[in-house]
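Asker:
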Amino acid sequence: MDEATWDTFIPDWAAALEAEDVEPVHQLAVRDATWASPGGFPLVLLIHGWAGFRREATFLGTHLASHGYVVVSPDVVGSTWSEVDAFLAA
Numbered sequence: 057m058d059e060a061t062w063d064t065f066i067p068d069w070a071a072a073l074e075a076e077d078v079e080p081v082h083q084l085a086v087r088d089a090t091w092a093s094p095g096g097f098p099l100v101l102l103i104h105g106w107a108g109f110r111r112e113a114t115f116l117g118t119h120l121a122s123h124g125y126v127v128v129s130p131d132v133v134g135s136t137w138s139e140v141d142a143f144l145a146a
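Given below as structure tokens:
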């Protein structure tokens, strides 16, 4: 897979840090990837827990995808780290 298509992210909590202090995380995951072959594929919904975010288990999603699963990992509205932090601070 071409590295230029890798998904890169910096977690929300890292936004307050200096850019040089945080290494980006590279993963072999692609949004809207083309199918490698025709046919059906098993689907895994990888849902984060309370005060989490969709990319906290990318290692698991990448591993499952490497074994033929389609992995969907959404942010759950109202329970991401930044939303819970704002709620607790209020």
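In the working numbering, the protein residues as written are 57 to 146. Cβ coordinates follow ideal geometry from the N, Cα and C atoms, glycine included. Owing to the predicted nature of the structure, the values given are computational and were not obtained by experimental measurement.
Buried or exposed: which applies to T90, given that a residue is buried once 16 or more other Cβ atoms fall within 10 Å of its Cβ?
Answerer: As a position in the sequence shown, residue 90 is number 34, starting the count at 1. With fewer than 16 other Cβ atoms within 10 Å, it is exposed.
Asker: Quick check on G181: buried or exposed, where buried means 16 or more other Cβ atoms within 10 Å of its Cβ?
Answerer: Since the first residue of the chain shown is 57 and the last is 146, residue 181 is not available in this structure.
Asker: Going by C-alpha to C-alpha distance, which of S138, A107, S129 and W137 sits closest to D88?
Answerer: Counting from 1 along the sequence shown, the entry for residue 88 is found at position 32. When each option's Cα is compared against that of D88, the closest is S129.
Asker: Which residues does DSSP pair with L116 in a beta bridge?
Answerer: Stepping through the sequence shown from its first residue, residue 116 is reached at position 60. The partner list for L116 (beta bridge, DSSP) is empty, contrary to what the question assumes.
Asker: Quick one: give me the first and last residue of the beta strand (DSSP E) that L99 is part of.
Answerer: Position 43 of the sequence shown, counted from the start, is the residue given in the question as residue 99. Its beta strand (DSSP E) spans residues L99 to L101.
Asker: Can you tell me where the alpha helix (DSSP H) with V86 in it begins and where it stops?
Answerer: Here residue 86 corresponds to residue number 30 of the sequence shown, with the count starting at 1. That residue, V86, is in no alpha helix (DSSP H); it is neither H nor E in DSSP.
Asker: Once you ignore the five residues that flank L99 on each side, which residues in its own chain have a CB closer than 6 Å to its CB?
Answerer: Counted from its first residue, the sequence shown places residue 99 at position 43. V126.
Asker: Compare the C-alpha of T114 against each of V132, L84 and A146 and name the closest.
Answerer: Within the sequence shown, residue 114 is the residue found at index 58, counting from 1. Per the Cα distances, L84.
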